[in-house]
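Engineer: Have a look at this one before I ask anything.
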Amino acid sequence: MKSNISRLGSVSIIISSFLLFGFVPLTLFPSFFLTAIFSEIVIWKELIVLGTSVCFVFFGRKEHFDKVTLYELSFGCFCWGGLFVSSLIFRDVSLFACFGGSIPYLIFIWCLFVFRQLRREAMLLVYFGLILAIGFVSFGIIYDALTGAFLHIRAGGVYVERAFTAVEEFRRPGFLMSGSTVASLYLSSVTFLAYVGMFKITGLKCRFIIYCVCALAVLSVLVTLGRVGYAGIAVFVVTLSVLSVVLGQWKTFRSITAGGCVVLLIVATALLGNDYVRSSVEVRFKQTFGKGVVSSAADRQRIDAWKNGIIESVRQLPIGAGIGQSQGRLGNSQNVRHFESGVISFFYESGVFFIPYISFVLLQVFKSMFNLISYKEGKAVAVGLISCLFAVSFMVFINPILGEVFFAVYLAYLSNYLSL
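The numbering of the sequence shown is our numbering, which starts it at 677 and goes up by one.
As structure tokens, this is what we get:
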């Protein structure tokens, strides 16, 4: 199919996609590279989202706006408005904190609208930008693991050593992200998208490149020593394989098997070639699947946090504690709660508004999935989407990342992913 997008437009969309998926997750990027003036710009992620989305629409929009999307957009704004107003009026939440905490929810609605307006060839270019972003971040993680170049981050004029030595004597690399666990979750999530999108790529060379990028990302997940990434990859592979066999998608199953062999070969070669990386991964796996004190203590702490989160969430019904009243594990505020779960944290904040908003998000994903049935290779990609959604939902439940700007963009992209 001949593209109606100019060469300048194609390059602009790919670069914008690279910035969107490659730099928005890098929370520490301003502190490390930019001057003190620019590092104080707290809304730089939002500015990147706005700038890239404008570029997408300018170069790749459809001839007419999708009217159905406008209705869905209105419903999404209604859900957000109820959460915002209830937090502001019925809870002791300041206007600044309320608006700041609600930005990711607004970004999801905005990006959902933007991606829905793009032509198929524009979405394909966004996919290529995603592949470049995965390769860039994966290389940064591996470089950090081998050299420790990003262990010291300049923040507020002072170099602060990051806490990446929790697993015996081994570093836990995170590149420019806020933590190694976040890096593990990010890389595994975007790798699912890259792998599923490969089902609609027919060129053998392009598929091989995607295999190599996925292998690099899997290796990066391993060296972060983040258990959430390990679990997410396992859930994705098992779900995708089972659904492919049960639904008779043998071509998809063969692609999974072939891709898995290539990925395992590259990862195994890399692990065997570096004693430090291999040793750190071995220790982490022993702690994860063994009966050691460290693993048991961490599991108990997480389970206790989930129990406390559910109890506290029920106590805050019907309107919840208010936007911004929960935080990730790296937060240091004494006035907010941490529950080791993005889903529980959102339930704690939103109360009864949890149901319509989550339903709105899931509706977008399943709507795209059902639209695939009439397209060639549609069932294979639909199976991949279900597996991706299941794996990501599992990781979000066991990690507090639901309120991140990047994850809002990720969900919006996932909801329109099948229009590739």
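C-beta atoms are modelled at their ideal positions from N, C-alpha and C, and glycine is treated no differently.
1) For VAL1059, which option in ALA944, VAL921, THR945 and TRP720 has the closest C-alpha, if you only look at C-alpha atoms?
2) Give me the Cβ distance between PHE1036 and PHE751, rounded to the nearest whole Å; I'm assuming they're in contact under 8 Å.
3) Buried or exposed: where does ALA893 fall if 16 or more other Cβ atoms within 10 Å of its Cβ makes it buried?
4) Let me know if LYS927 comes out buried or exposed under the rule of 16 or more other beta-carbons within 10 Å of its beta-carbon.
5) Can you tell me the Cβ-Cβ gap for CYS755 and SER692, rounded? I've got them flagged as a contact below 8 Å.
6) Identify the continuous alpha helix (DSSP H) that holds VAL913 and give its terminal residues.
7) Cβ atoms of ILE785 and LEU749: under 8 Å apart, would you say?
8) So, does the region 897-914 touch the region 861-877, judging by three or more C-beta pairs under 8 Å?
9) Can you tell me whether LEU794 is helix, strand or coil according to DSSP?
10) Within the region 719-793, note down every full alpha helix (DSSP H) run reaching 4 residues or more, in order along the chain.
11) Could you compute how far the alpha carbon of LEU1038 sits from the alpha carbon of PHE1022?
12) Buried or exposed: where does PRO675 fall if 16 or more other Cβ atoms within 10 Å of its Cβ makes it buried?
13) Check whether the Cβ atoms of VAL899 and ALA821 lie closer than 8 Å to each other.
14) Going by the CB atoms, is the gap between VAL1085 and VAL700 shorter than 8 Å?
15) Compare the beta carbon distance of VAL889 and ILE807 with 8 Å and say whether it is the shorter of the two.
16) According to DSSP, simplified to helix, strand and coil, what is SER715?
17) Measuring alpha carbon to alpha carbon, tell me which of ILE1074, THR945, GLU1025 and ARG991 ends up nearest ARG976.
18) If you draw a straight line from the alpha carbon of VAL939 to that of ILE810, how long is it in whole angstroms?
19) Within 10 Å of its beta-carbon, does GLY855 have 16 or more other beta-carbons around it, so buried, or fewer, so exposed?
20) Give me the residue from ARG978, ILE1031 and LEU869 with the minimum Cα distance to ILE995.
21) Going by C-alpha to C-alpha distance, which of VAL1057, GLY824 and LEU771 sits closest to GLY873?
22) So the alpha helix (DSSP H) SER692 belongs to, where does it begin and stop?
23) Within 10 Å of its beta-carbon, does GLY1007 have 16 or more other beta-carbons around it, so buried, or fewer, so exposed?
24) Just verifying my parser: in three-state terms, what is the DSSP assignment at LEU1038?
25) So, are the CB atoms of ARG792 and THR823 less than 8 Å apart?
26) With DSSP as the reference, label THR823 as helix, strand or coil.
27) Using only CA atoms, which one of ILE1062, TRP720, SER860 and GLY1018 lies nearest to SER917?
28) I'd like to check one pair, GLY736 with GLY685: are the Cβ atoms closer than 8 Å?
29) Taking the alpha carbon of ILE818 as the reference point, which residue from TYR781, LEU800, PHE851 and TYR1089 has its own alpha carbon closest?
30) Keeping to the same chain, check which residues put their C-beta closer than 8 Å to that of GLN925; ignore five residues upstream and five downstream.
31) The alpha helix (DSSP H) that contains PHE1023, what's its start and end?
32) From what residue to what residue does the alpha helix (DSSP H) around ALA859 run?
33) How is PHE884 classed by DSSP in three states: helix, strand or coil?
Structural biologist: Walking through what the data contain:
1) VAL921
2) 6 Å
3) buried
4) exposed
5) So it is not a contact: roughly 28 Å between Cβ atoms.
6) 903-922
7) yes
8) yes
9) strand
10) 720-736, 743-766 and 771-792
11) 15 Å
12) An answer regarding residue 675 cannot be provided, because it is not within the stretch 677 to 1096 covered by the chain.
13) yes
14) yes
15) yes
16) Unreliable positioning characterises SER715 in this predicted model, as indicated by a pLDDT of 49, which lies under 50. The coordinate reading is nonetheless provided below. SER715: helix per DSSP, three-state reduction.
17) ILE1074
18) 15 Å
19) buried
20) ILE1031
21) VAL1057
22) 683-698
23) Any reading at GLY1007 is ruled out, since the residue's pLDDT is 45, under 50, leaving its predicted position unreliable.
24) helix
25) no
26) helix
27) ILE1062
28) yes
29) PHE851
30) LEU919, LYS1055, ALA1056 and VAL1059
31) 1018-1026
32) 856-873
33) helix
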